[in-house]
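Asker: Using the working numbering, read the sequence shown as starting at -3 and increasing by one per residue.
Every residue gets a Cβ at the ideal spot worked out from N, C-alpha and C, and that includes glycine.
Quick one: the structure is below, and I'll ask about it shortly.
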Amino acid sequence: MLGQLGKVFHQSTSKKPREEEPPCRMTLTLEKIREQLLLQADSGGGYNRNAAREMLAQVECGHGQQAVDDLIRELDLEAAFDFKPGSSFLAGEA
């Protein structure tokens, strides 16, 4: 039986290696993100701030800094969460 298990684990597969994932994937449309950011801003609080930060990071990665700045201004996220236009929300960015 051990010999059979060894064969199973050492078999080579004909599967292609996984293609590398892009650095970010947009899981929500900009319209959905806008709706969610409005909910987060209305609720306020630390957890909502973190959720808003994550959504803005996704927008920055997929659409660029200008789209983030537009959302911050449009939804007045500076008043709600102290997010300033020009701030990067990507990990490792200052």
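#1: Considering just the uninterrupted stretch of the alpha helix (DSSP H) at Met22, what are its terminal residues?
#2: Candidates Gly82, Ile68, Gln61, Arg21: which alpha carbon is nearest Gln36's?
#3: Excluding five sequence neighbours on each side, which residues of the same chain lie with their C-beta closer than 6 Å to the C-beta of Met22?
#4: Rounded to a whole number of angstroms, what is the C-alpha to C-alpha distance between Asp65 and Asn46?
#5: Do Gln61 and Cys20 have their CB atoms nearer than 8 Å?
#6: By the 10 Å Cβ neighbour count, where 16 or more other Cβ atoms means buried, how is Glu70 classified, buried or exposed?
#7: For Gly40, which of Glu27, Leu86, Glu74, Ala63 has the nearest alpha-carbon?
Answerer: Let me lay it out:
#1: Stepping through the sequence shown from its first residue, residue 22 is reached at position 26. It is not in any alpha helix (DSSP H) - Met22 carries neither H nor E in the DSSP assignment.
#2: Residue 36 sits at position 40 when you count from the first residue of the sequence shown. The residue with the shortest Cα to Cα distance from Gln36 is Ile68.
#3: Position 26 of the sequence shown, counting from 1, holds the residue named residue 22. Once the five neighbours on either side are set aside, the close Cβ partners of Met22 are Gly58.
#4: Start at 1 with the first residue of the sequence shown, and residue 65 comes out as number 69. Start at 1 with the first residue of the sequence shown, and residue 46 comes out as number 50. If I take the Cα positions, the gap works out to 17 Å.
#5: The count along the sequence shown starts at 1 and reaches residue 61 at position 65. The count along the sequence shown starts at 1 and reaches residue 20 at position 24. No, Cβ-Cβ distance for Gln61 and Cys20 is not below 8 Å.
#6: In the sequence shown, counting from the first residue as 1, residue 70 sits at position 74. Answer is exposed; the Cβ neighbour count stays below 16.
#7: Here residue 40 refers to the residue found at position 44 of the sequence shown. Considering only alpha carbons, the answer is Glu74.
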